[in-house]
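K.L.:
Heads up: the sequence shown begins at 69 in our numbering, then just goes up one per residue.
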Amino acid sequence: MSLNPRTDVRRHPFCLVTISIRIQPIPQSPTQFRILYPLEYHYRQSLLLSFNMWSKLLTITVATFFAFYSTALGQTNFTTNWNPTGEGCVDSTGYVSCYNDHSNTGVSCQTACANNNKKGTPEYNTCMNACEALWLAGNVGCWLQSCWNQVYSCAYQLTAMSYFDGAGLEQNSDVPFYPAPNDASAGACSCNIGYVYGNLSSISQLSQGSDCEVIAAGDNTVLYNCECCEFSWPVSNILNVCPKSDLSVMSVPGFIKQVAGELAGSSDKCAILNNGTETCISDYNFPFEGKTAYNPLALPSGEPGTQALSNTAGNAFTVFPSPVLTLSLLPALTYTSVITPAAFAASASANPQSILGTSILGVPSTSSTIVSTTSKATGTGSAATTSATKTSSGMKMERNPVLLLAVGSIFVGML
69 MSLNPRTDVR
79 RHPFCLVTIS
89 IRIQPIPQSP
99 TQFRILYPLE
109 YHYRQSLLLS
119 FNMWSKLLTI
129 TVATFFAFYS
139 TALGQTNFTT
149 NWNPTGEGCV
159 DSTGYVSCYN
169 DHSNTGVSCQ
179 TACANNNKKG
189 TPEYNTCMNA
199 CEALWLAGNV
209 GCWLQSCWNQ
219 VYSCAYQLTA
229 MSYFDGAGLE
239 QNSDVPFYPA
249 PNDASAGACS
259 CNIGYVYGNL
269 SSISQLSQGS
279 DCEVIAAGDN
289 TVLYNCECCE
299 FSWPVSNILN
309 VCPKSDLSVM
319 SVPGFIKQVA
329 GELAGSSDKC
339 AILNNGTETC
349 ISDYNFPFEG
359 KTAYNPLALP
369 SGEPGTQALS
379 NTAGNAFTVF
389 PSPVLTLSLL
399 PALTYTSVIT
409 PAAFAASASA
419 NPQSILGTSI
429 LGVPSTSSTI
439 VSTTSKATGT
449 GSAATTSATK
459 TSSGMKMERN
469 PVLLLAVGSI
479 FVGML
């Protein structure tokens with residue numbers, strides 16, 4: 069079901085929460101309650117949901133398949149250097165050095181947090197989260213300083229995603245050149261993974277579609293028709309962008325599997341989707357983009373695909389739009405850096421080494437690989453335009469919120 073537009077959601081950016089409510093109105097102020105994950109995650113804040121007091125008893129089905137695994141300092145995935153050798157960068161040495169500097173500073177910052185605050189306290193969590201957010205913002209700066217010719221590459225796009233995830237932010241247009249524009253060609257990732265990620269992670273400020281529980285009013289047929297549309301639109305929007313790509317680095321196959329499980333009770337196997345997107349849009353107002361409605365219970369063979377993410381030959385551009393760039397990002401503390409981009413080198417080209425194994429969403433993936441189509445630099449390209457730095461809100465389907473799923477059933481008594 070969709071959340072009411074008045075509901076305030078502060079959440080781990082990867083938590084899709086399905087809520088079934090037995091309504092028993094109680095007046096006055098909102099009630100707050102916390103859901104704590106069963107594992108000890110390095111977590112920017114407890115998942116805090118604030119509901120208008122509509123219900124005395126909520127049954128909350130939570131599915132956390134997008135919670136991040138982490139080490140004691142929470143750095144397993146967020147701070148991954150997706151191009152660890154700086155291969156193909158305009159200044160490979162400067163790039164690697166920059167990453168190392170931010171790593172050392174980040175670890176020192178978090179060590180200081182641990183030494184000066186009791187683990188598990190709000191002060192400790194706030195301090196640790198601020199260190200990590202600044203670390204991740206700095207990593208983005210390393211790319212813009214020393215590897216700006218590869219900003220349309222898979223590796224840079226993953227770096228931007230890691231920043232949003234690790235800083236606990238909704239995806240937005242603050243990171244330059246992310247996601248890559250529709251017409252990106254030279255040096256671009258084979259799948260616009262920024263658009264995919266936008267459909268997985270972004271929470272809109274507006275209500276999306278219909279409240280299936282309310283519309284159904286106890287009618288299971290209506291409920292499943294509505295929910296088939298509700299769960300189909302993020303899947304459809306993702307597969308309309310990259311149907312054949314291996315998206316396990318973002319846990320998309322796991323997401324789709326979970327969605328299919330949610331819809332398994334549909335007696336007609338989501339036949340409402342056989343008519344494309346039209347009925348879902350007209351009857352339930354879900355924001356499909358593109359004309360193809362994918363049925364999570366009957367996906368076409370080979371979709372989602374297994375084709376490794378790859379970069380096309382060449383460079384995003386060979387002339388940076390300005391001699392100096394001021395990068396301002398907003399993690400726990402404001403990050404601002406005046407960056408002087410390194411000079412272009414004729415040997416540079418978007419050719420990061422293969423990226424294997426671990427999802428940025430914390431789910432191990434042995435099949436996910438990012439490779440380059442060529443190792444030869446083209447030495448050609450065009451100047452970046454200043455508008456290229458902020459041409460997108462971070463989503464091709466900017467109206468789409470996805471509250472990702474979680475694991476378990478929690479019964480919360482509202483006191």
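Beta carbons: idealized from backbone N, C-alpha and C, even for Gly. As the structure is a prediction and not an experimental result, all values here were calculated from the model.
So, helix, strand or coil for Val-387, using DSSP?
P.N.:
In this structure, Val-387 counts as strand in the three-state DSSP scheme.
K.L.:
Let me confirm a value: Asn-383 is counted as buried when at least 16 other C-beta atoms fall within 10 Å, else exposed. Which label applies?
P.N.:
Buried, by the Cβ-count rule.
K.L.:
Go ahead and pull the three-state DSSP assignment for Leu-365.
P.N.:
Leu-365: coil per DSSP, three-state reduction.
K.L.:
Between the stretch 201-218 and the stretch 161-173, do three or more beta carbon pairs fall short of 8 Å?
P.N.:
Touching, per the Cβ criterion.
K.L.:
Going by beta carbon distance, what residues of the same chain come within less than 8 Å of Ala-413, once the five residues before and after it are set aside?
P.N.:
These residues qualify, in order along the chain: Val-158, Asp-159.
K.L.:
Helix, strand or coil for Pro-372, going by three-state DSSP, please let me know.
P.N.:
In this structure, Pro-372 counts as coil in the three-state DSSP scheme.
K.L.:
At which residues does the beta strand (DSSP E) containing Val-25 begin and terminate?
P.N.:
Any question about residue 25 goes unanswered here, given that the chain covers just 69 to 483.
K.L.:
Going by the CB atoms, is the gap between Asp-314 and Thr-227 shorter than 7 Å?
P.N.:
Not a contact, by the Cβ cut-off of 7 Å.
K.L.:
Which residue comes first and which comes last in the alpha helix (DSSP H) that contains Thr-194?
P.N.:
Element bounds for Thr-194: 190-214.
K.L.:
Whole angstroms is fine: what's the gap from Thr-148's alpha carbon to Ala-235's?
P.N.:
Spanning the two alpha carbons is a distance of roughly 14 Å.
K.L.:
Within 10 Å of its beta-carbon, does Asn-197 have 16 or more other beta-carbons around it, so buried, or fewer, so exposed?
P.N.:
Its Cβ being crowded by 16 or more others within 10 Å, Asn-197 is buried.
K.L.:
Determine whether the beta carbon atoms of Thr-345 and Ala-366 lie at a separation below 7 Å.
P.N.:
No, these two residues do not count as a Cβ contact at 7 Å.
K.L.:
Roughly how many whole angstroms lie between the Cα atoms of Val-175 and Pro-389?
P.N.:
Those two C-alpha atoms are separated by around 33 Å.
K.L.:
Count the other CB atoms within 10 Å of the CB of Ala-410; is the residue buried (16 or more) or exposed (fewer)?
P.N.:
It counts as buried.
K.L.:
May I ask you to report which of helix, strand or coil DSSP gives Ser-221?
P.N.:
Coil.
K.L.:
Pick helix, strand or coil for Ser-378, following the three-state DSSP scheme.
P.N.:
DSSP places Ser-378 in strand when its eight states are reduced to three.
K.L.:
Tell me whether Thr-360 sits in a helix, a strand or coil according to DSSP, three-state version.
P.N.:
Correct three-state label for Thr-360: coil.
K.L.:
Label Pro-247 either buried or exposed according to how many other C-beta atoms from any shown protein chain fall within 10 Å of its C-beta, with 16 as the threshold for buried.
P.N.:
Counting Cβ neighbours within 10 Å, Pro-247 comes out buried, since at least 16 surround it.
K.L.:
Taking the straight line between their C-alpha atoms, what separation do you get for Ala-201 and Asn-288?
P.N.:
Cα to Cα, the separation comes out at about 44 Å.
K.L.:
Going by DSSP in three states, Thr-347 sits in which element: helix, strand or coil?
P.N.:
Thr-347: helix per DSSP, three-state reduction.
K.L.:
Between which two residues does the beta strand (DSSP E) carrying Ser-396 extend?
P.N.:
Here the beta strand (DSSP E) through Ser-396 covers 393-397.
K.L.:
Are the Cβ atoms of Tyr-265 and Val-309 separated by less than 7 Å?
P.N.:
Against a cut-off of 7 Å, the Cβ pair of Val-309 and Tyr-265 comes out as no contact.
K.L.:
Are the CB atoms of Leu-377 and Cys-280 nearer to each other than 7 Å?
P.N.:
Against a cut-off of 7 Å, the Cβ pair of Cys-280 and Leu-377 comes out as no contact.
K.L.:
What are the boundary residues of the alpha helix (DSSP H) that includes Thr-179?
P.N.:
Per DSSP, Thr-179 belongs to the alpha helix (DSSP H) from 160-184.
K.L.:
In angstroms with no decimal places, state the Cα-to-Cα distance between Val-208 and Ala-381.
P.N.:
Near 22 Å, if we compare the C-alpha coordinates of Ala-381 and Val-208.
K.L.:
Is Ser-253 helix, strand or coil when you go by DSSP?
P.N.:
Here Ser-253 sits in coil by DSSP.
K.L.:
Which class does Ser-300 belong to by DSSP, given the choice of helix, strand or coil?
P.N.:
Three-state DSSP puts Ser-300 in a helix.
K.L.:
What separation, rounded to the nearest whole angstrom, lies between the Cα atoms of Asn-240 and Ser-396?
P.N.:
Going by the C-alpha atoms only, they are around 13 Å apart.
K.L.:
My understanding is that Tyr-292 touches Gly-333, with C-beta atoms under 8 Å, so please give their C-beta distance in whole angstroms.
P.N.:
Their Cβ separation, rounded to whole angstroms, is 7 Å, which keeps Tyr-292 and Gly-333 in contact under 8 Å.
K.L.:
Ser-313 bridges to which residues according to DSSP?
P.N.:
Ser-313 pairs with Gln-375.
K.L.:
Using the Cα positions of Phe-385 and Tyr-403, report the straight-line distance between them to the nearest angstrom.
P.N.:
So the alpha carbons of these two residues sit roughly 26 Å apart.
K.L.:
Look up Pro-152 in the DSSP assignment and say whether it is helix, strand or coil.
P.N.:
Three-state DSSP puts Pro-152 in coil, outside helix and strand.
K.L.:
For Pro-368, count neighbouring C-beta atoms within 10 Å of its own C-beta (all shown protein chains included) and say buried if the count is 16 or more, exposed if not.
P.N.:
Classification for Pro-368: exposed.
K.L.:
Among Gln-218, Cys-195, His-170, Lys-187, which one has its Cα closest to the Cα of Gly-154?
P.N.:
Comparing Cα positions, the closest option is Gln-218.
K.L.:
Alpha carbon to alpha carbon, what distance is there between Cys-195 and Leu-104?
P.N.:
Note that Leu-104 scores a pLDDT of 24, beneath 50, so its modelled location is shaky; the value from the coordinates is reported in the next line. Looking at the two C-alpha atoms, the distance is approximately 20 Å.
K.L.:
Can you tell me which of the three DSSP states Phe-232 falls into?
P.N.:
If DSSP states are grouped into helix, strand and coil, Phe-232 belongs with the helices.
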